[in-house]
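Student: Structure in structure tokens, see below.
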Amino acid sequence: MSVTNSEIAVMFEELADLLEIEGANPFRVRAYRNAARAIADNPKRMTDLLAEGQDLARLPGIGKAIAAKIEAIASTGTLRQLADVKRRIPEAMGRLMHVRGLGPKRVKTLCAALQVRSVEDLQRALRSGRIRELEGFGEKTEKLIAQGLQQVAADERRTSWSVARQIAEPLVDYLRAVEGVRHVTVAGSYRRHRDTVGDLDILVASGKGSQVVQRFVAYEDVVRVVAQGRTRSSVILRSGLQVDLRAVPESSYGAALLYFTGSKAHNIAVRKIAVRRRLKINEYGVFRGDKRVAGKTETEVYAAIGLPFIEPELRENRGEIEAAEANALPDPIQLRHIKGDLHCHTTASDGMQTLGDLAKAAQARGYEYVAVTDHSKRLTVAHGLNVRRLRRQIAAIDRLNEKLDGMVVLKGAEVDILEDGTLDLPNDVLAALDLTVCAIHHRFELSRHKQTERVLRAMDLPCFNVLAHPTGRLLGERAPYEIDLERIMQAARERGCFLEVNAQPQRLDLSDTLCMLAKEIGVKVAVSTDAHRATDLDFMELGIHQARRGWLERTDVINTRSLGSLRRLLGRH
DNA sequence: GCCGTTTTCGGCCCGACTGTTTTCAGTCG
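Under my numbering, the first residue of the first sequence is numbered 1, with each subsequent residue one higher.
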């Protein structure tokens with residue numbers, strides 16, 4: 001079994017943690033962290049790139065030394081340098097770095113003075129009350145570490161974007177009502193529309209920062225104030241979510257928005273360009289010497305370093321800076337481009353809405369079409385349709401369409417891809433449909449090779465249209481199954497098939513980087529909600545966020561097409 | 001350890017907040 005990118009990335013992260021505790025050159029440590037991120041972000045497997053004879057040192061953030069280390073990991077499954085440092089520094093100390101309030105220096109001190117080498121040791125040391133007696137530590141620091149330890153589990157749990165929105169919106173309304181507040185924006189990964197957020201970063205434009213901070217910490221959902229200064233504060237809400245607030249004067253709002261939106265990697269890349277131009281960018285503006293030359297809007301800040309505005313979803317330092325410099329940024333898809341939903345369930349299988357409800361809900365959103373795609377018979381828990389029931393549904397949809405004005409209900413099915421690569425319903429009935437949405441719902445544990453062959457075989461069938469939720473991941477619950485999506489995407493392009501961006505908040509599968517891969521390979525996608533009730537149609541917005549993060553444009557997404565054009569694409573002939 | 005519009009050496013983003021300090025180190029984002 002070959003090593004995955006995330007496994008390689010974890011090894012470099014661990015190496016960085018341990019070396020940092022050891023006091024290694026901080027730039028070397030950063031290089032390992034940058035490499036870990038570059039590897040984790042890359043949708044293509046390092047092992048596959050190596051097998052193709054590609055030079056990994058050509059990837060940004062990876063040079064000759066790290067490329068050689070990746071090769072070693074690929075061939076041996078281990079990294080010698082990591083094993084070496086683990087002999088010098090107990091492995092568990094790396095995890096201590098993830099306790100809020102502990103960095104490399106404090107971890108090192110705790111180890112030297114109190115023999116703290118693990119989370120359990122740390123708990124013991126806290127109980128003994130000896131931490132406060134260490135030089136450079138004190139009672140407050142001890143308390144900070146104790147709280148950090150309690151939060152460790154919560155910190156590892158990220159919040160889905162849609163849940164974060166439910167928490168963020170009332171807080172934003174509350175802050176907008178504070179006297180003197182001009183603008184409030186939830187920045188950070190929330191504004192970049194990542195599928196999950198670790199915390200909320202709220203930026204406020206106000207001439208009276210400390211007043212805003214005082215009102216902020218008094219918000220009814222705040223259970224703990226982590227930090228409180230004149231312009232900046234951090235709190236923990238009842239939900240466990242941390243919220244960081246920053247207040248700046250209106251004249252700095254653009255620069256602060258850029259800074260607080262991130263990503264960190266994007267900011268660093270932007271500031272490096274500024275340095276090359278003998279400028280300095282901070283959250284207050286763009287400076288040439290002491291003279292401020294920009295800062296009120298983000299557009300102004302980007303312009304100061306010769307770049308066009310970059311959409312927040314693109315700010316991950318995944319090539320957007322280079323694209324901006326070359327004036328080749330994508331024009332990301334928007335919600336208003338969507339003309340219909342291609343994956344929806346009704347009460348015929350496991351949905352909560354009738355056929356009529358679904359049609360009405362789709363029409364209310366101004367759609368030209370909506371596809372009914374109930375489950376096939378293997379999925380008995382979802383009351384999947386057999387041939388007889390599917391034929392009955394087809395007839396019912398025909399009758400409904402005769403009555404509908406201005407919208408068409410498409411006949412479809414979400415068909416199980418069986419283990420042998422056949423589909424769960426026979427060809428003749430599938431041929432009577434407008435489209436099929438095919439998916440894996442069992443045997444997730446097959447080897448990468450077998451899983452890939454399974455889908456490729458299914459895709460050879462003429463009635464296969466869209467591969468639904470292509471990795472099967474459930475955020476925070478279930479990892480993606482092993483599958484070679486690069487091969488699948490190539491095969492899909494050759495056969496006229498498509499991949500889905502499933503807009504369910506816990507799926508959002510394809511992921512952002514896999515959307516980028518789809519675009520690179522040239523296979524188009526469907527952004528679909530997998531709706532089980534009428535309100536689920538609103539998940540479309542989340543799918544659009546993900547598609548935008550994956551650089552997808554209107555023409556990359558098939559359900560931006562008018563009905564006639566869509567039908568031609570689904571024909572496969 | 002990476003990288004190159006001061007290019008193979010010598011840099012590497014930048015500032016706020018806190019605690020324990022009398023001027024700053026550590027951590028965080």
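Every residue, glycine too, gets a C-beta built ideally from N, C-alpha and C.
Since the structure is predicted, the reported quantities are computational estimates derived from the model, not experimental observations.
Just the C-alpha distance for D420 and T261, rounded to the nearest angstrom, thanks.
Tutor: Using only the alpha carbons, I get a separation of about 46 Å.
Student: Using C-beta distances below 6 Å, list every residue in its chain close to M459, excluding the 5 sequence neighbours before and after it, in chain order.
Tutor: Around M459: A491, R495, C497.
Student: By how many angstroms is the C-alpha of V213 removed from the C-alpha of R132?
Tutor: Rounded to whole angstroms, R132 to V213 spans 29 Å at the Cα level.
Student: I'd like the list of long-range same chain contacts for L589, defined as Cβ closer than 6 Å, with 5 residues on each side in sequence excluded.
Tutor: Absent from the model: residue 589. The displayed extent of the chain is 1 to 573, so no value can be given.
Student: T422 and N584 - do their beta-carbons sit closer together than 8 Å?
Tutor: Absent from the structure is residue 584, since the part of the chain shown begins at 1 and ends at 573.
Student: Quick check: the region 298-315 against the region 269-281, are at least 3 beta-carbon pairs closer than 8 Å?
Tutor: In short, these stretches touch, since the Cβ pair count reaches three.
Student: What is the DSSP secondary structure of Y190, reduced to helix, strand or coil?
Tutor: In this structure, Y190 counts as helix in the three-state DSSP scheme.
Student: In the DSSP assignment, find the unbroken beta strand (DSSP E) run with D374 in it and report its ends.
Tutor: From DSSP, the beta strand (DSSP E) with D374 extends over 369-375.
Student: Would you mind listing the alpha helix (DSSP H) stretches within the region 474-500 that are 4+ residues and don't spill past its ends, in chain order?
Tutor: Entirely contained in the region 474-500, the alpha helix (DSSP H) runs reaching 4 residues are, in chain order, 485-495.
Student: Quick check on the DSSP output: the alpha helix (DSSP H) that includes E320 runs from which residue to which?
Tutor: That run of the alpha helix (DSSP H) goes 320-325.
Student: Could you tell me which residues DSSP puts in a beta bridge with G285?
Tutor: Answer is N282, bridged to G285.
Student: Mind checking who S528 pairs with in its DSSP beta bridge?
Tutor: According to DSSP, S528 bridges with N502.
Student: Within this structure, are the beta carbons of H343 and T529 separated by less than 8 Å?
Tutor: In contact: H343 and T529 (Cβ atoms closer than 8 Å).
Student: To the nearest angstrom, how far is the alpha carbon of Q115 from that of D121?
Tutor: Near 8 Å, if we compare the C-alpha coordinates of D121 and Q115.
Student: Assuming L335 and I544 make a contact with CB atoms under 8 Å, what is their CB distance in whole Å?
Tutor: Contact flag correct, Cβ pair sits at about 5 Å.
Student: I'd like the span of the alpha helix (DSSP H) that includes I268, first residue to last.
Tutor: Here the alpha helix (DSSP H) through I268 covers 264-276.
Student: Please classify E179: does DSSP put it in a helix, a strand, or coil?
Tutor: It is coil, neither helix nor strand.
Student: State the beta-bridge partners of L410 as determined by DSSP.
Tutor: Beta-bridge pairing links L410 to A371.
Student: Given A294, which residues of its chain have a CB within under 8 Å of its CB, disregarding the five upstream and five downstream residues?
Tutor: Result list for A294: G254, A255, G285, V286, E300, V301, A303, A304, in chain order.
Student: Within 10 angstroms of its Cβ, does K291 collect 16 or more other Cβ (buried), or is it exposed?
Tutor: So K291 counts as exposed.
Student: Going by the CB atoms, is the gap between P104 and I39 shorter than 8 Å?
Tutor: No. Outside cutoff.
Student: Are there 16 or more other CB atoms within 10 angstroms of the CB of D201, so buried, or fewer, so exposed?
Tutor: Per the 10 Å Cβ criterion, buried.
Student: Mapping DSSP to helix, strand and coil, what is K86?
Tutor: K86 falls in the helix class under three-state DSSP.
Student: Taking the alpha carbon of Q353 as the point to measure from, which residue in A531, E368, H383 has its own alpha carbon closest?
Tutor: Considering only alpha carbons, the answer is A531.
Student: Can you check whether the CB of E500 is closer than 8 Å to the CB of V525?
Tutor: A contact, by the Cβ cut-off of 8 Å.
Student: Leaving out five residues before and five after E71 in sequence, what residues of the same chain have Cβ atoms less than 8 Å from its Cβ?
Tutor: L50, L56, listed in sequence order.
Student: Rounded to the nearest angstrom, what separates N502 and Q147 at their Cα positions?
Tutor: Distance between the alpha carbons of N502 and Q147: 38 Å.
Student: Grouping DSSP H, G and I as helix and E and B as strand, with all else coil, what is P60?
Tutor: DSSP places P60 in coil when its eight states are reduced to three.
Student: Please work out which residues of its chain come closer than 8 Å, Cβ to Cβ, to I483, disregarding the five sequence neighbours upstream and downstream, and give them in chain order.
Tutor: Closer than 8 Å at Cβ, skipping near neighbours: R448, Q451, T452, V455, P470, T471.
Student: With DSSP as the reference, label D416 as helix, strand or coil.
Tutor: DSSP places D416 in strand when its eight states are reduced to three.
Student: Express the C-alpha separation of A413 and N25 in angstroms, rounding to a whole number.
Tutor: Roughly 57 Å between the two C-alpha positions.
Student: Beta-carbon separation of S160 and R182 under 8 Å?
Tutor: Contact: no.
Student: Between the C-alpha atoms of A35 and L82, what's the straight-line distance to the nearest angstrom?
Tutor: Cα to Cα, A35 sits roughly 15 Å from L82.
Student: Report all residues from its chain with a CB closer than 7 Å to the CB of I62; omit the five preceding and five following residues, and keep chain order.
Tutor: Closer than 7 Å at Cβ, skipping near neighbours: A35, A38, L56.
Student: By DSSP's criteria, T185 is part of a beta bridge. Which residues make up the other side?
Tutor: Answer is L203, bridged to T185.
Student: Which of helix, strand or coil does DSSP assign to E91?
Tutor: Coil.
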